[in-house]
Ligand SMILES: Nc1ncnc2c1ncn2[C@@H]1O[C@H](COP(=O)(O)OP(=O)(O)OP(=O)(O)O)[C@@H](O)[C@H]1O
Ligand SMILES: [Mg+2]
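Residue numbers (the working numbering), protein chains in the order written: chain P, 2 to 368; chain B, 973 to 1227.
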């Protein structure tokens, strides 16, 4: 992917403080041309601040910022080749949808004819052409959102910055718009920089996801990499439900780590990391990677527990297992319609195992 | 039962607000020298008003003063409100606090202090001093009215405009001003009315060369109200209604 042309956006050791409070710490990042990058993180972690730095509404306290190779660190928003879709849409209430969309081109003194053609093209792209004459107050939330997107893309920016643009939409509409945004990005080839605190939304739309915590990028990778091999406990926990087992390393041979997990010996895949004998470790497992079997007297070895609760989810069933050690584990089982008798019931005694190699082993950093 | 109660309540409210005006208008058509008794319909007070050039001149002077000071106050007030909303500068807090102080300070204090100021500056009392005083007491009302409208405005509208390439002036002209416009008009109307019927401040800062309507009426009333004044008030009320109606229409067309 990496080419000789400069990245679309480049942050170089950017930090931002408000008084004593440092909100963004020493952030370095390259966003490629045409990429869909999402900043994902809990409330207050600095996602909006990063976008505002990119748009130029805030100046970084230290560091440089480049757009298409050009240093824009000190440039005001009106001199940057990026456009923002605001969370509140921020449509001009006294202008029609058409006038809203035409605003950016008017500022760049384009001819009337060019404005008409390009605005109509943008409105068509978001299926809003038939609403061109309406005021924002005469539109639904979803329509306002499309108008806001049209107003931004009409300028053909280097990158489109979107700050939780879907949070005001209901669940069904949100799914629709997610697909449409993806489609739109494909058609336009514009770089999308997206902000959300919704893990599912981030994963379903992005080429890469940057997980942010307290103004630091914890991990930046493709969605499946983040989900399957989180770099640390924060990322692992933030991007979905996960079971954490405590353990101690015993001996390591290449990637194969012999350890004691929850008190019983087992063989783990340590990946690239090295563990000293006696070092504390965490073994992480997604609920869908847990395997359960009914306990009978013949399998004395392993981790045992009791089904504490079952939650029917349609396609799947979530099971809460309480181990003999008192730990709560969640496991997801596919509903087996052919053999409902094979399903687990509340109070049943089970043996807990997992699909070999699907575990993630991390050093125990006390978190 | 409930509906008639509602109707009665509304009647009482409107009666309270408009009965005095209706009485005044009715008596302006009264064919009698005295206010209390009804002697039949007549336009004689309107005729005598038309012949009373000193009263009419005072009315015209008042209208001119009100229009000019309202316009000046609105211009300055709009800029002040936008500056207060948009920029952080030294003394911003003090300025916005002082606005409220001026709105609640008694007219008499204002009148006297302005008079002292003008005398110190050696300004001849007349149109100029009246104009300056009226601009002064209208200004905070305009500023506060527009500021209220601007505080209700989504801050990200300004950022959106900048994001789309607008500089400071374009933001002002294409975003802030149109959104503030209803408040600007309301501020002008408010100033116009405040200026038109001000007695106390004007009493201190006017000179013999420039007699305005409220003071003229005030001096006439001391010798007993002449029905001519009723006629004049009825005319002015009609003008006010027309101005308000016109602005309402204008605003409706705008949205
Ligand atoms: N103008 C400001 N002055 C002081 N602190 C600020 C300012 N703007 C943001 N902050 C602080 O910076 C931190 C990050 O804020 P930011 O808005 O970037 O969070 P966020 O990740 O977008 O959160 P959310 O998901 O709730 O929108 C917060 O702790 C916030 O209180
Ligand atoms: Mg935010």
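Don't be surprised by glycine CBs; every beta carbon is placed ideally from N, CA and C.
TODO: Excluding the 5 residues preceding and the 5 following residue 348/P in the sequence, name in chain order all residues of the same chain whose CB lies nearer than 7 Å to its CB.
DONE: 307 and 308
Task: Backbone CA spacing between residue 1064/B and residue 19/P [nearest angstrom] - done: 21 Å
Open item on the list: Less than 8 Å between CB atoms is the rule here; does residue 974/B satisfy it with respect to chain P?
Closed with: no
Task: Under the three-state DSSP convention, the category residue 1106/B falls into - done: helix
- [ ] Take every Cβ of the segment 33 to 44 of chain P, pair it with every Cβ of the segment 188 to 199 of chain P, and state whether three or more of those distances are shorter than 8 Å.
- [x] yes
Open item on the list: I need the straight-line Cα distance from residue 239/P to residue 46/P, nearest angstrom please.
Closed with: 13 Å
TODO: Please name the residue or residues paired with residue 254/P in a DSSP beta bridge.
DONE: Beta-bridge pairing links residue 254/P to 257/P.
Task: Contact set between residue 204/P and chain B, taken where Cβ atoms lie within less than 8 Å - done: Going along chain B, no residue has its Cβ under 8 Å from residue 204/P, so there is no contact; the nearest lies around 28 Å.
Open item on the list: According to DSSP, residue 310/P sits in a beta bridge with which residue or residues?
Closed with: 321/P
- [ ] Measure from the C-beta of residue 1183/B to each C-beta in chain D and report whether the shortest distance is under 8 Å.
- [x] Going by chain labels, chain D is absent from the structure shown, which instead holds the protein chains P and B.
TODO: Determine contact between the segment 1133 to 1149 of chain B and the segment 1098 to 1108 of chain B, defined as no fewer than three beta-carbon pairs at a distance below 8 Å.
DONE: no
- [ ] Kindly say whether residue 1161/B, judged by its beta-carbon, lies nearer than 8 Å to any beta-carbon of chain P.
- [x] no
- [ ] Could you tell me whether any Cβ in chain P is nearer than 8 Å to the Cβ of residue 1042/B?
- [x] No, no contact with chain P.
- [ ] Check the Cβ of residue 58/P against every Cβ in chain B and list those closer than 7 Å, keeping chain order.
- [x] Simply 1131.
- [ ] Give the residues of chain P in contact with residue 1150/B, contact being defined as C-beta atoms less than 7 Å apart.
- [x] 95
TODO: Anything in chain B within Cβ reach of residue 85/P, meaning under 8 Å, just list it in chain order.
DONE: 1131, 1132 and 1135
Task: Residue(s) in a DSSP beta bridge with residue 220/P - done: 212/P
Task: Sub-8 Å separation of residue 165/P and residue 88/P beta-carbons - done: Cβ atoms of residue 165/P and residue 88/P: closer than 8 Å.
TODO: With DSSP as the reference, please indicate the residues paired to residue 19/P in a beta bridge.
DONE: 22/P
Task: Sheet register partners of residue 37/P (DSSP bridge) - done: Residue pairing from DSSP places residue 37/P in a beta bridge opposite 193/P.
Task: Contacts of residue 1128/B in chain P (Cβ-Cβ under 7 Å) - done: 87, 89 and 91
TODO: Flag this pair as yes or no: are the beta carbons of residue 1184/B and residue 1087/B separated by less than 8 Å?
DONE: no
TODO: Ignore the nearest five residues each way along the sequence and tell me which others in residue 1160/B's own chain have a CB closer than 6 Å to its CB.
DONE: 1042 and 1046, listed in sequence order.
TODO: Taking all protein chains shown into account, decide if residue 255/P is buried (16 or more other Cβ within 10 angstroms of its Cβ) or exposed.
DONE: exposed
- [ ] Could you tell me if the beta carbon of residue 17/P falls within a distance shorter than 7 Å of some heavy atom in ligand 2?
- [x] no
Open item on the list: Looking at the secondary structure, which residues open and close the beta strand (DSSP E) in which residue 292/P lies?
Closed with: 291 to 295
Task: Meets three-Cβ-pair contact criterion under 8 Å: the segment 201 to 216 of chain P and the segment 19 to 30 of chain P - done: yes
Open item on the list: Please report the straight-line C-alpha distance between residue 266/P and residue 249/P, rounded to a whole angstrom.
Closed with: Answer to the nearest angstrom: the Cα atoms are 10 Å apart.
Open item on the list: Buried or exposed, going by whether 16 or more other CB atoms sit within 10 Å of the CB of residue 146/P?
Closed with: Buried: at least 16 other Cβ atoms inside 10 Å.
Task: Straight-line Cα distance separating residue 48/P from residue 202/P - done: 15 Å
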